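**Q**
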Ligand SMILES: Nc1ncnc2c1ncn2[C@@H]1O[C@H](COP(=O)(O)OP(=O)(O)OP(=O)(O)O)[C@@H](O)[C@H]1O
Ligand SMILES: [Mg+2]
């Protein structure tokens with residue numbers, strides 16, 4: 057099997073007066089694990105259905121392996137879709153489900169079964185081949201769906217939130233399996249999710265969507281550390297956001313006038329004095345100040361301390377504005393924290409962005 | 002039972018159970034039992050009874066003659082014998098008026114060759130109507146349940162239901178008018194020049210069993226469409242798309258995914274259509290203008306109301322019922338569905 061690249065050229069989708077997908081250009085490389093991340097209703101499924109051929113774009117072209125898919129129906133595209141609800145065939149056995157695509161291609165029963173058994177081994181379902189899909193556990197059903205899609209040797213595998221129905225442990229496990237299968241087969245994976253942890257751990261690159269538009273396409277690290285818009289910054293991971301106006305800008309940094317006083321961060325967008333902006337700081341990049349003062353120092357009152365396990369969420373408040381810190385869990389040492397505290401962060405860890413819509417609005 | 006009492010309380014439970022029992026008794030058991038019982042006996046007049054009565058009258062007149070001659074104590078004795086004879090005659094006459102019930106299988110075994118032929122033909126025709134209705138209704142039900150937009154589906158549904166607001170007889174008469182010798186269809190064919198009504202060159206649609214078929218399929222189409230529609234409604238559209246995505250042709254999608262799913266609905270539809278058409282009286286009566294005795298239900302009707310042989314009629318009706326019941330099991334076997342699936 058070999059992955060093919062997928063190219064969206066100015067693709068958009070309009071339902072009545074709802075713009076589900078705004079004109080979008082996107083290039084997904086062959087053999088890549090590409091995720092599309094976005095909140096519910098942002099148009100992820102719609103994009104996937106256009107690539108698989110079930111929806112015809114209102115405008116634009118879709119190319120797979122350089123070939124225009126305009127006149128090619130879903131049953132003749134080199135894609136296979138794993139549905140949000142899996143859509144297994146309940147009246148067929150596991151192996152018949154997996155072999156269905158081969159049956160449709162006219163492969164004789166014996167060959168079909170052999171191939172299905174290979175795939176059953178690939179997804180570790182040996183011993184379940186004669187069961188009805190309804191008698192399987194969630195994770196097993198998941199794997200049947202993957203095997204069924206892989207059976208037709210697609211160049212592009214489209215996965216629509218395939219893990220959303222599983223519990224956290226199993227999800228973790230299936231992530232690893234999916235990633236392993238992707239590496240083994242070399243198929244291009246286009247993976248849809250609204251779970252940013254899932255996207256960050258598995259993907260080579262991620263596209264973040266908001267309200268039908270792709271806001272940023274980047275590798276996990278870049279997406280996390282260098283978000284381009286306030287939406288991406290706040291949708292991927294947690295952020296402390298300080299809104300304000302730029303007081304001065306110099307040498308790649310900007311000083312912002314915020315409710316917590318002037319704060320400095322990286323001025324990646326090159327904003328000039330007077331511009332309205334937001335300063336984003338990750339909770340784990342802030343520390344309690346003891347000893348040397350960092351670039352930015354804020355004082356606030358401890359409100360609550362939540363234990364997450366490996367780290368602690370420390371909530372602080374000042375003038376109705378709240379701040380959250382992720383502190384490493386050092387046992388008894390941090391338990392008695394209360395009252396006013398000095399917290400700080402380095403200007404390198406603050407990111408100044410043109411103000412815009414946040415994920416939580 | 003205890004669960005019912007717990008959820009609804011005693012009085013309501015009593016009402017539920019009372020009504021259910023009444024329904025089972027009144028609608029199912031009593032009529033069928035009455036019919037079954039009736040089919041197992043014939044009325045028999047003992048054939049020597051009139052002879053016995055005649056002889057008794059002769060005896061009586063002899064005794065009366067003897068009485069006139071007799072004297073002394075013998076006279077009273079003869080008078081007593083006369084009274085006894087009179088009672089015997091009254092008893093015999095009563096018997097003659099009320100024939101004896103004789104339990105027998107005769108009603109079943111005595112079916113004439115002609116009636117048996119009609120019976121077989123009816124079963125065959127009803128099966129044909131069922132197949133025809135299935136072939137017509139499956140695509141319709143699929144279209145409404147899966148393909149059409151909700152608006153259009155509602156429209157189609159309405160189009161199917163509205164004719165059923167009209168009396169069944171009128172609906173059948175409408176088909177009579179369409180297929181009649183000088184009916185709508187022949188008139189239209191006349192326009193294109195296929196037939197010529199002026200010279201009485203028309204196509205005698207009504208003389209073919211097809212006319213009855215068409216009218217019956219039309220009359221019972223809803224009973225086939227609805228069960229299939231109901232099951233297909235619950236079919237996940239994604240399954241159809243998944244099959245297509247995996248490269249299946251439309252034919253294969255239906256054969257492997259949609260039809261297996263629709264089986265319980267199809268079984269119910271087939272059972273209803275078969276029962277209704279096997280037992281249909283008005284459709285064959287109207288479509289053949291009562292001239293042909295082609296349908297078994299017409300034969301049954303005649304047994305009851307023309308030959309006045311209710312026992313025989315009951316046996317015929319009961320035979321039909323048994324065949325229909327067998328058909329239910331056959332359908333369950335063919336579609337590999339259980340009672341539970343059908344009740345769903
Ligand atoms: N067939 C349709 N007709 C009209 N509107 C539609 C149709 N399909 C999708 N939409 C709309 O398009 C928008 C995007 O839908 P889509 O299913 O792509 O969202 P999504 O990102 O997959 O969401 P989720 O994470 O909840 O699955 C939604 O506002 C939805 O209501
Ligand atoms: Mg979706």
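Protein chains in written order, with this note's numbering: chain C, 57 to 417; chain E, 2 to 345. Virtual Cβ for every residue (Gly too), placed ideally from N, Cα, C. Keep in mind it's a predicted model, so treat the numbers as computed, not measured.
1) State buried or exposed for residue 176 of chain E, treating a residue as buried only when at least 16 other CB atoms are found within 10 Å of its CB.
2) Under 8 Å Cβ to Cβ from residue 43 of chain C, same chain only, skipping five residues before and after it: list those, please.
3) Could I get the ranges of all uninterrupted alpha helix (DSSP H) runs contained in the segment 229–261 of chain E, with 4 residues as the minimum, in chain order?
4) Under 8 Å: do the segment 289–296 of chain C and the segment 121–132 of chain C share three or more Cβ pairs, one atom per stretch?
5) Taking a cut-off of 7 Å, which residues have a beta-carbon closer than that to any heavy atom of ligand 2, in chain order?
6) Please confirm if the segment 147–155 of chain C is in contact with the segment 217–226 of chain C, defined as three or more CB-CB distances below 8 Å between the two stretches.
7) Counting along the chain, where does the alpha helix (DSSP H) carrying residue 158 of chain E start and finish?
8) Cβ closer than 8 Å: which chain E residues qualify as neighbours of residue 130 of chain C?
9) Could you tell me whether the Cβ of residue 231 of chain E comes closer than 8 Å to any Cβ of chain C?
10) Which stretch, first to last residue, makes up the beta strand (DSSP E) that contains residue 42 of chain E?
11) If you draw a straight line from the alpha carbon of residue 269 of chain E to that of residue 184 of chain E, how long is it in whole angstroms?
12) Using a Cβ-Cβ cut-off of 8 Å, state whether residue 149 of chain C counts as contacting chain E.
13) At a cut-off of 7 Å, is residue 71 of chain C close to ligand 1 when judged by its beta-carbon and the heavy atoms of the ligand?
14) Within the present structure, is the beta-carbon of residue 148 of chain E separated from the nearest heavy atom of ligand 1 by less than 7 Å?
15) Could you check whether the Cβ of residue 157 of chain C sits closer than 8 Å to any Cβ belonging to chain D?
16) Please compile the residues from chain C whose C-beta is within a distance smaller than 8 Å of the C-beta of residue 11 of chain E.
17) Bridge partners of residue 117 of chain C, per DSSP?
18) Based on the DSSP output, what are the partners of residue 318 of chain C in its beta bridges?
19) What residue range does the alpha helix (DSSP H) around residue 51 of chain E cover?
20) Could you tell me if residue 24 of chain E is buried or exposed, where buried requires 16 or more neighbouring beta carbons within 10 angstroms of its beta carbon?
21) Compare the beta carbon distance of residue 342 of chain C and residue 395 of chain C with 8 Å and say whether it is the shorter of the two.
22) Return no unless some Cβ of chain E is closer than 8 Å to the Cβ of residue 68 of chain C.
23) Is residue 264 of chain C near ligand 1, judged by its Cβ being under 7 Å from some heavy atom?
24) Please determine if the segment 278–287 of chain E and the segment 296–307 of chain E are in contact, where contact requires at least 3 C-beta pairs separated by less than 8 Å.
25) Ligand 1 and residue 109 of chain C: does any heavy atom of the ligand fall closer than 7 Å to the residue's C-beta?
26) Say yes only if the C-beta of residue 255 of chain E is nearer than 7 Å to one or more non-hydrogen atoms of ligand 1, and no if none qualify.
27) In this structure, how does DSSP classify residue 22 of chain E when only helix, strand and coil are distinguished?
28) Going along chain C in order, which residues have a C-beta closer than 8 Å to the C-beta of residue 253 of chain E?
29) At the 8 Å Cβ level, is residue 139 of chain C part of the contact set with chain E, yes or no?
30) Could you tell me if the beta carbon of residue 97 of chain C falls within a distance shorter than 7 Å of some heavy atom in ligand 1?
31) Return the bridge partner residues of residue 142 of chain C from the DSSP annotation.
32) For residue 138 of chain C, count neighbouring Cβ atoms within 10 angstroms of its own Cβ and tell me buried if that reaches 16, exposed if not.
33) Would residue 228 of chain E pass as an interface residue toward chain C - the criterion being a Cβ-Cβ separation below 8 Å?
34) Quick one: list the residues of chain C neighbouring residue 237 of chain E, beta-carbon separation under 8 Å, in chain order.
35) Determine whether the beta carbon atoms of residue 135 of chain C and residue 214 of chain C lie at a separation below 8 Å.
36) Ends of the beta strand (DSSP E) at residue 336 of chain C?
**A** Taking the coordinates as given:
1) Burial call: buried.
2) Here chain C covers residues 57 to 417 and nothing more, so residue 43 of chain C does not appear.
3) For the segment 229–261 of chain E, whole alpha helix (DSSP H) runs of length 4 or above, ordered along the chain, are 238–246.
4) Contact fails: fewer than three Cβ-Cβ distances are below 8 Å.
5) In chain order, the qualifying residues are C:100, C:101, C:140, C:216, C:217 and C:248.
6) Contact between the segment 147–155 of chain C and the segment 217–226 of chain C is absent, with fewer than three C-beta pairs closer than 8 Å.
7) Run containing residue 158 of chain E: 151–162, per the alpha helix (DSSP H) assignment.
8) Contact note: residue 130 of chain C reaches chain E through 242, 245 and 246, using a C-beta cutoff of 8 Å and chain order.
9) For residue 231 of chain E, the closest Cβ of chain C is not nearer than 8 Å.
10) Counting along the chain, the beta strand (DSSP E) containing residue 42 of chain E begins and ends at 42–45.
11) When rounded, the distance between both Cα atoms is 35 Å.
12) It does not; no Cβ of chain E falls within 8 Å.
13) Yes.
14) Ligand 1 has no heavy atom closer than 7 Å to the beta-carbon of residue 148 of chain E.
15) Absent from the structure is chain D; the protein chains it does hold are C and E.
16) For a Cβ distance threshold of 8 Å, nothing in chain C lies close to residue 11 of chain E: the least Cβ distance comes to about 40 Å.
17) Beta-bridge analysis with DSSP links residue 117 of chain C to C:65.
18) Residue 318 of chain C pairs with C:313.
19) Start and end: 50–70.
20) Classification of residue 24 of chain E: exposed, given that the 10 Å Cβ count is below 16.
21) For the pair residue 342 of chain C and residue 395 of chain C, the CB atoms are not nearer than the 8 Å cut-off.
22) For residue 68 of chain C, no CB of chain E lies under 8 Å from its own CB, so it is not counted at the interface with that chain.
23) Not one heavy atom of ligand 1 is found less than 7 Å from the C-beta of residue 264 of chain C.
24) In short, these stretches touch, since the Cβ pair count reaches three.
25) A distance criterion of 7 Å places the beta-carbon of residue 109 of chain C beyond contact range of ligand 1, judged by its closest non-hydrogen atom.
26) At a cut-off of 7 Å, the beta-carbon of residue 255 of chain E does not count as near ligand 1: no heavy atom of the ligand is closer than that.
27) Judged by DSSP in its simplified three-state form, residue 22 of chain E adopts helix.
28) Neighbours of residue 253 of chain E on chain C, chain order: 159 and 160.
29) It does: the Cβ of residue 139 of chain C has a partner Cβ on chain E nearer than 8 Å.
30) Within the cutoff, so yes.
31) Partner residues in the beta bridge of residue 142 of chain C, as assigned by DSSP, are C:139.
32) Classification for residue 138 of chain C: buried.
33) For residue 228 of chain E, the answer is no, since every Cβ of chain C falls outside 8 Å of its Cβ.
34) By Cβ distance, chain C contributes 141 and 143.
35) Going by C-beta atoms, residue 135 of chain C is nearer than 8 Å to residue 214 of chain C.
36) 332–337 is the extent of the beta strand (DSSP E) around residue 336 of chain C.
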